[in-house]
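2 protein chains.
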Amino acid sequence: MTETTRRDRKHAVTIYEVAAKAGVSASTVSRVFNGVKVSPDLIPLVRAAAKDLDFTPNQGARSLRTRTSDVIGLIVADIENPFFTSLARGVEDTARAAGYSVMLGNSDEEESKEREYLDVALSQRLAGVIIAPATDHSDITTLLQQNRPVVAVDRALVDSEVDSVLVNNVAGGRAATEVLLQNGFQRIACVVGPSSTQTADDRARGWYDAMMKHNPRFAAERYLVHGSNHVPGGSEAFERLLALPEPPDAIFVGHNLMAIGVLESLVESGRTPFDFGVSVFGDLPYVGLVPAGIHLISLPARELGEMAARVLLDRIAGDTQPPRTIVLGTPWHPRLIGVPKA
Amino acid sequence: MTETTRRDRKHAVTIYEVAAKAGVSASTVSRVFNGVKVSPDLIPLVRAAAKDLDFTPNQGARSLRTRTSDVIGLIVADIENPFFTSLARGVEDTARAAGYSVMLGNSDEEESKEREYLDVALSQRLAGVIIAPATDHSDITTLLQQNRPVVAVDRALVDSEVDSVLVNNVAGGRAATEVLLQNGFQRIACVVGPSSTQTADDRARGWYDAMMKHNPRFAAERYLVHGSNHVPGGSEAFERLLALPEPPDAIFVGHNLMAIGVLESLVESGRTPFDFGVSVFGDLPYVGLVPAGIHLISLPARELGEMAARVLLDRIAGDTQPPRTIVLGTPWHPRLIGVPKA
DNA sequence: GTGAAAGCGCTAACAA
DNA sequence: TTGTTAGCGCTTTCAC
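Same order as they appear, the protein sequences are chains A and B.
Going by my numbering, the first residue of the first sequence is number 1, and it counts up by one from there.
Going by my numbering, the first residue of the second sequence is number 343, and it counts up by one from there.
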């Protein structure tokens with residue numbers, strides 16, 4: 001056993017100290033740690049010295065020299081939304097498996113915060129960025145100019161040519177509406193996020209198509225409610241719809257948190273999904289506690305994250321094919337939650 | 343308007359290019375960007391040149407030189423657990439407000455994964471680390487040796503002298519048990535996470551104390567169930583308890599996800615929290631959908647994250663007072679969820 | 001196969 | 001006040 005110098009030291013060890021201890025040059029230490037060919041007898045020497053000194057290579061210095069980095073950025077609206085949480089987990093696991101780490105940023109749907117995190121990505125020279133854009137027009141050109149790959153996830157980016165990993169929201173809205181029609185509901189309302197957000201509009205579009213196909217004279221505009229992407233947004237939408245002169249007999253909800261709000265209000269109103277139809281495109285956290293009878297189309301959040309990470313890692317590895325759009329989850333299969341109470 | 347050289351460039355701009363364009367030295371550019379005193383007329387010149395060239399300072403190079411970094415690490419068991427999600431959000435917001443970014447790692451309660459992320463923190467020379475340790479003995483000595491502050495959150499670290507931000511789990515378990523006793527329940531079972539994890543044991547301890555005080559002859563050992571920290575763990579615990587010769591008439595659950603499992607099984611068994619008492623120490627996501635009558639003691643997850651970040655940032659800023667333990671949330675106040683159905 | 005030396009982009013003495 | 005210079009820790013030609 002080599003003599004130990006592992007006492008409290010206040011600075012990190014460099015390859016030079018390892019080199020000195022192992023009686024080789026810094027280049028050799030570097031080679032050992034990078035798997036470059038080196039006379040086999042030197043390897044254990046270097047490793048022992050490194051271990052003895054608690055040497056940890058300085059990734060920052062390495063990045064400076066190699067102009068690469070093994071950190072990617074992930075920007076989502078809000079990590080507290082279970083959809084993004086799962087997505088993040090998918091990204092993280094995939095990145096980790098490839099030796100990458102993840103820096104996380106919450107944009108809260110605000111372009112300014114998003115911009116801040118994009119700047120962080122730039123100044124940290126991150127290897128790439130996965131972003132669920134706050135808007136269609138989020139500006140990622142600086143990143144692209146500097147050859148840092150970007151993958152848009154969940155929402156597309158219309159101004160830039162980048163890879164996207166999306167779901168077919170129109171088809172999702174349509175499928176979620178059709179299942180209600182098939183169950184005999186007639187006046188089906190639609191509750192989605194703020195208008196002018198792509199995903200909300202697309203899901204509403206799917207609903208609209210399905211309704212028109214079923215009954216071209218349906219007064220759709222009266223039954224479409226855009227609300228804020230949160231639980232209370234769903235409750236408010238529900239109240240508003242129930243206050244209509246001719247209230248709906250069912251609701252399609254195109255957002256996970258809004259669905260919670262809708263369901264809270266529904267239960268409170270004494271109704272059940274059997275007498276007042278509910279379908280959801282999105283995911284319901286802890287589904288076991290939700291009232292039975294809901295038609296649910298699950299969004300593959302985790303898979304979106306995994307795929308986005310995979311695409312990004314490919315780009316980082318040098319993939320230069322033209323940007324592509326990957327659509328996950330279609331065709332959609334609604335499933336009925338819970339069992340009818342006899 | 344200055345002439346633009348903003349064409350597609352494949353490398354990032356350096357301080358030297360900005361200096362050249364502005365007709366000053368690199369140091370001056372550096373000074374401008376670091377707020378060091380510079381003749382006022384030079385500032386707009388430099389800023390204009392920088393903007394024109396899309397200059398973004400290379401944080402990596404800066405870190406190498408200054409031996410500082412503006413990134414902190416956050417290691418939690420599982421970002422998909424809403425408790426850690428809120429905690430993470432608290433960390434992130436606090437860090438961001440101070441100009442720091444956050445790197446996230448999921449340990450899945452595995453020491454090896456945790457170790458990996460600690461190594462990442464080391465090799466990235468992160469400014470500091472907030473960790474919800476997988477075990478009491480997670481080894482963070484290397485980090486501390488190199489003067490990188492560490493803050494333990496949610497769970498303490500017995501082997502190392504570090505700041506901790508915790509809650510009083512014993513008191514929480516006690517309060518959650520007492521509220522059931524006050525409501526007339528007698529045989530109160532306890533469901534917590536795996537034994538030998540500090541938080542689970544402490545919460546069980548609080549339950550035990552309360553039960554013994556109320557009825558010293560209570561056969562506690564029969565009514566204590568340790569399960570896995572997940573939804574199914576709660577369901578299994580519930581089934582097991584109900585199968586006892588003399589089943590409990592109430593349950594205290596000391597884990598948010600396990601509580602979901604318990605509640606799922608409870609509802610399925612046709613019971614309600616009014617005939618079978620339930621108290622929870624932890625948080626119930628989307629509380630509106632949970633059956634009424636539960637006694638809930640909320641854990642201040644977000645606040646834990648904020649406080650941990652604040653303590654860490656203080657340390658990074660040079661705070662050298664002895665390590666302290668900050669306890670949040672005590673005294674605990676159970677609240678009753680939902681309204682009795684008349 | 002190995003080492004010396006230069007340089008990645010930046011900041012901090014030190015000079016001017 | 002500003003510029004020159006050296007060096008943070010690493011990788012990578014280029015000689016040996």
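Just so it is clear, CB atoms sit at the ideal spot from N, CA and C, and this is done for glycine as well.
Proximity winner among the options, relative to residue i (alpha-carbon distances)
i	options	result
residue 193 (chain A)	A:232, A:213 and A:182	A:232
residue 221 (chain A)	A:36, A:88, A:187 and A:234	A:187
residue 678 (chain B)	B:601, B:635 and B:540	B:635
residue 71 (chain A)	A:102, A:196 and A:236	A:102
residue 600 (chain B)	B:487, B:621 and B:658	B:621
residue 658 (chain B)	B:398, B:354 and B:490	B:490
residue 457 (chain B)	B:481, B:604 and B:524	B:481
residue 67 (chain A)	B:383, B:407 and B:352	B:352
residue 384 (chain B)	B:637, B:598, B:576 and B:367	B:367
residue 322 (chain A)	A:127, A:93, A:161 and A:157	A:161
residue 483 (chain B)	B:467, B:460, B:468 and B:469	B:460
residue 20 (chain A)	A:55, A:39, A:38 and A:40	A:55
residue 641 (chain B)	B:467, B:513 and B:578	B:513
residue 256 (chain A)	A:236, A:237 and A:283	A:283
Neighbourhood of residue i by C-beta, 7 Å cutoff - its chain only, sequence neighbours within 5 removed
i	result
residue 159 (chain A)	137
residue 542 (chain B)	534, 535, 536, 568 and 596
residue 497 (chain B)	474, 475, 540 and 541
residue 627 (chain B)	424
residue 92 (chain A)	102
residue 183 (chain A)	277
residue 467 (chain B)	405 and 411
Residues of its chain near residue i, where Cβ-Cβ distance is below 8 Å and the 5 sequence neighbours each way are ignored
i	result
residue 77 (chain A)	84, 106, 107, 108, 109, 132, 134 and 229
residue 174 (chain A)	206, 207, 209 and 210
residue 241 (chain A)	189, 191, 223, 225, 247, 248 and 251
residue 609 (chain B)	633
residue 340 (chain A)	Since pLDDT at residue 340 (chain A) reaches only 43, below the 50 mark, its modelled position is unreliable, and the value read off the structure follows with that caveat. Contacts found: 274, 292 and 293.
residue 111 (chain A)	134, 135 and 138
Distance CB(residue i)-CB(residue j) smaller than 7 Å
i	j	result
residue 63 (chain A)	residue 402 (chain B)	yes
residue 374 (chain B)	residue 357 (chain B)	no
residue 87 (chain A)	residue 328 (chain A)	no
residue 387 (chain B)	residue 364 (chain B)	yes
residue 437 (chain B)	residue 643 (chain B)	no
residue 345 (chain A)	residue 185 (chain A)	Residue 345 (chain A) is absent from the model: chain A starts at 1 and stops at 342.
residue 511 (chain B)	residue 672 (chain B)	no
residue 355 (chain B)	residue 391 (chain B)	no
residue 369 (chain B)	residue 57 (chain A)	no
residue 688 (chain B)	residue 630 (chain B)	Since the first residue of chain B shown is 343 and the last is 684, residue 688 (chain B) is not available in this structure.
residue 485 (chain B)	residue 104 (chain A)	no
Buried/exposed call for residue i, threshold 16 Cβ in 10 Å
i	result
residue 666 (chain B)	exposed
residue 275 (chain A)	exposed
residue 333 (chain A)	exposed
residue 505 (chain B)	buried
residue 376 (chain B)	exposed
residue 217 (chain A)	exposed
residue 400 (chain A)	A question about residue 400 (chain A) goes unanswered here, because the residues of chain A that appear run from 1 up to 342.
residue 607 (chain B)	buried
residue 378 (chain B)	exposed
residue 65 (chain A)	exposed
Own chain, CB closer than 6 Å to residue i, minus 5 neighbours either side, in chain order
i	result
residue 121 (chain A)	73 and 129
residue 165 (chain A)	153, 304, 307, 308 and 326
residue 313 (chain A)	98
residue 311 (chain A)	151 and 163
residue 586 (chain B)	none
residue 113 (chain A)	107
residue 523 (chain B)	556
residue 442 (chain B)	412 and 414
residue 393 (chain B)	none
For residue j and residue i, believed in contact at Cβ under 8 Å, the rounded distance
i	j	result
residue 623 (chain B)	residue 602 (chain B)	Rounded, the Cβ-Cβ distance is 14 Å, inconsistent with contact.
residue 431 (chain B)	residue 80 (chain A)	5 Å
residue 614 (chain B)	residue 633 (chain B)	6 Å
residue 518 (chain B)	residue 637 (chain B)	7 Å
Proximity test, residue i beta-carbon vs the ligand COA heavy atom, cut-off 6 Å
i	result
residue 654 (chain B)	In terms of ligand content, the structure shown is empty, and the ligand COA therefore cannot be addressed.
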